[in-house]
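Below you'll find the structure, written out as structure tokens, and then a few comments.
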Amino acid sequence: MATMVCNYLRYMGLTVKESSVFCGFKMIDKLKPELLFITNGVGAPINFQLVKYAAFKGIKVVTLTSEGNFFNGTLSFYIWGWNVDQQMYENVNMQWSTRTRSLTIETWPELKDKVKISGGVGFDYYKIVTPISKDDFLHKYKKNQYTKIIGFGCWNFGVTYPVDSFYESFIKIIGESGINRFQRDRDLSNQVLLNIIEKNPDILFLLKEHPGNTRGLFESGIAGVEKFPNVLILKKESIVDCIAVSDFWITYESTTVIEAWLLGKQTCLLNPTGIDFPRANVYKGSPNYPDVPTLQAAIDSFYSTHELPGFQAMESERKEVIRETIQWDDGLNHVRAGNEIIRVLKEEEKREKKRIPFDLRKIKWKQYLLSRGIPRKTNNFIYDKLRGFDHEELSQRNAEIYNQQIAYYKKMGLSKEDLRTITVI
5 MATMVCNYLR YMGLTVKESS VFCGFKMIDK LKPELLFITN GVGAPINFQL VKYAAFKGIK
65 VVTLTSEGNF FNGTLSFYIW GWNVDQQMYE NVNMQWSTRT RSLTIETWPE LKDKVKISGG
125 VGFDYYKIVT PISKDDFLHK YKKNQYTKII GFGCWNFGVT YPVDSFYESF IKIIGESGIN
185 RFQRDRDLSN QVLLNIIEKN PDILFLLKEH PGNTRGLFES GIAGVEKFPN VLILKKESIV
245 DCIAVSDFWI TYESTTVIEA WLLGKQTCLL NPTGIDFPRA NVYKGSPNYP DVPTLQAAID
305 SFYSTHELPG FQAMESERKE VIRETIQWDD GLNHVRAGNE IIRVLKEEEK REKKRIPFDL
365 RKIKWKQYLL SRGIPRKTNN FIYDKLRGFD HEELSQRNAE IYNQQIAYYK KMGLSKEDLR
425 TITVI
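Structure, rendered in structure tokens:
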């Protein structure tokens, strides 16, 4: 999501430096940037800490919303997240749609001048970037014997357990009965998958774990699938590639169905106890196959007729879901975000520097020591993350996407001057 915005800014002549959030304090102190851009300012403690730190140092801050299809019940959770102050330190926060902005402003009218609509930036990827081919994917994972691939986007059932950091927020939304229902759905959908995988040994099942799940296969609702040879369990693989190589895409609850639609893929739900639980609108465009007989019948139908039963009848609903969720599907939401960053940079008003609070300075130095591997602990998450962060690989990938972005602008007949007229609302 950040890469396309950063590439657009480079295309417009700006100097952009990208790195891991765990290098954030160091980069801010060393580079003294005019502006900090981050894709989600409240999605993790480190994200919020960097936003607040930059703001106190008088640096302009612009953020996106990485999970932007929220609804009334989840509003506070997505607007504030790890921002315990419930004060928006950034100059601008860009959301996905007029629907979510309206919900936000109705609840916190003081945010009116800070919350803008860029559209769902991450969805531009599906219009611009060429995904991996099916043959290359199968060769990569040594699964060349398969010609059929069914993809499944896992949900993070871990939020239904008290040990999860989001549990308290989640139970306030759905209550204890809702928690029990989700846990039951996890067990039922897991069993359906096990049966379906076993019944279809000639089909490769690609299971994409939710990036927020840190508690293993059980909380992804796919425990036991690893024993089958016709299964690939992926966590780090690009979601674009996972959907692109799949013949169709199954989810429990996920905005990845929109990504599948943008790639021309059919979708369905696996909701064992029904679709009537508090959720965003994305479920409306996909038929639900709640058990083994209905899902198996759908699989048989797809591979004989190339259609999932009931999918075509929901086309108008999918169009409405796309409009309500990501606002625009023209592949130019990253341009809107980039132009808003340029506007903020051009503002003459400078931010007042403030004394950095002691707790934030303490966090900064702790981050610095941990990034250096001090103390030497086997479970040093930050040190391990930084060791696995490859700047050369990032630069190479950015260059590949940059070239595809420029090609897309040309394909759309958009000059630099034309691009600058595409703005947020």
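Here my numbering is used: the first residue of the sequence shown is 5, the next is one more, and so on. Think of the CB as a built atom: it goes at the ideal place given N, C-alpha and C, for glycine as much as any other residue.
C-beta contact flag for residue i and residue j at 7 Å
i: residue 92; j: residue 120; result: no
i: residue 132; j: residue 408; result: yes
i: residue 67; j: residue 42; result: yes
i: residue 254; j: residue 274; result: yes
i: residue 306; j: residue 312; result: yes
i: residue 232; j: residue 201; result: yes
i: residue 148; j: residue 329; result: no
i: residue 7; j: residue 303; result: no
i: residue 12; j: residue 339; result: yes
i: residue 53; j: residue 360; result: no
i: residue 88; j: residue 337; result: no
i: residue 35; j: residue 349; result: no
i: residue 319; j: residue 288; result: no
i: residue 156; j: residue 163; result: no
i: residue 9; j: residue 341; result: yes
i: residue 250; j: residue 198; result: no
i: residue 238; j: residue 269; result: no
i: residue 101; j: residue 400; result: no
i: residue 1; j: residue 55; result: As shown, the chain starts at 5 and ends at 429. That puts residue 1 outside it, with no answer to give.
i: residue 178; j: residue 78; result: no
i: residue 257; j: residue 159; result: yes
i: residue 428; j: residue 24; result: no
i: residue 243; j: residue 267; result: no
Cα-Cα separation between residue i and residue j, rounded to whole angstroms
i: residue 46; j: residue 80; result: 11 Å
i: residue 228; j: residue 204; result: 16 Å
i: residue 423; j: residue 118; result: 23 Å
i: residue 226; j: residue 347; result: 46 Å
i: residue 283; j: residue 260; result: 14 Å
i: residue 224; j: residue 214; result: 7 Å
i: residue 276; j: residue 195; result: 10 Å
i: residue 416; j: residue 410; result: 10 Å
i: residue 365; j: residue 375; result: 15 Å
i: residue 64; j: residue 112; result: 22 Å
i: residue 150; j: residue 161; result: 30 Å
i: residue 343; j: residue 217; result: 34 Å
i: residue 44; j: residue 96; result: 12 Å
i: residue 60; j: residue 30; result: 15 Å
i: residue 17; j: residue 138; result: 36 Å
i: residue 85; j: residue 425; result: 33 Å
i: residue 5; j: residue 333; result: 15 Å
i: residue 219; j: residue 185; result: 19 Å
i: residue 128; j: residue 189; result: 32 Å
i: residue 168; j: residue 291; result: 30 Å
i: residue 76; j: residue 323; result: 22 Å
i: residue 371; j: residue 115; result: 31 Å
i: residue 420; j: residue 134; result: 23 Å
Residue i - DSSP class collapsed to helix/strand/coil
i: residue 209; result: strand
i: residue 90; result: coil
i: residue 253; result: strand
i: residue 230; result: helix
i: residue 73; result: coil
i: residue 5; result: coil
i: residue 353; result: coil
i: residue 149; result: coil
i: residue 425; result: coil
i: residue 416; result: coil
i: residue 399; result: helix
i: residue 282; result: coil
i: residue 360; result: coil
Residue span of the alpha helix (DSSP H) that contains residue i, given as start and end
i: residue 343; result: 337-350
i: residue 34; result: 28-35
i: residue 267; result: Careful: residue 267 lies outside any alpha helix (DSSP H) and carries neither H nor E.
i: residue 376; result: Here residue 376 belongs to no alpha helix (DSSP H), and DSSP marks it neither H nor E.
i: residue 18; result: Residue 18 -> no alpha helix (DSSP H), and no H or E assigned at all.
i: residue 332; result: Segment: none, residue 332 is in no alpha helix (DSSP H) and carries neither H nor E.
i: residue 175; result: 171-203
i: residue 49; result: 49-60
i: residue 80; result: 79-84
i: residue 143; result: 138-144
i: residue 222; result: 221-224
i: residue 130; result: 129-132
Identity of the residues DSSP links to residue i by a beta bridge
i: residue 67; result: 42, 97
i: residue 121; result: 99
i: residue 292; result: 273
Residue i, enclosing beta strand (DSSP E) - first and last residue
i: residue 155; result: 152-157
i: residue 235; result: 235-238
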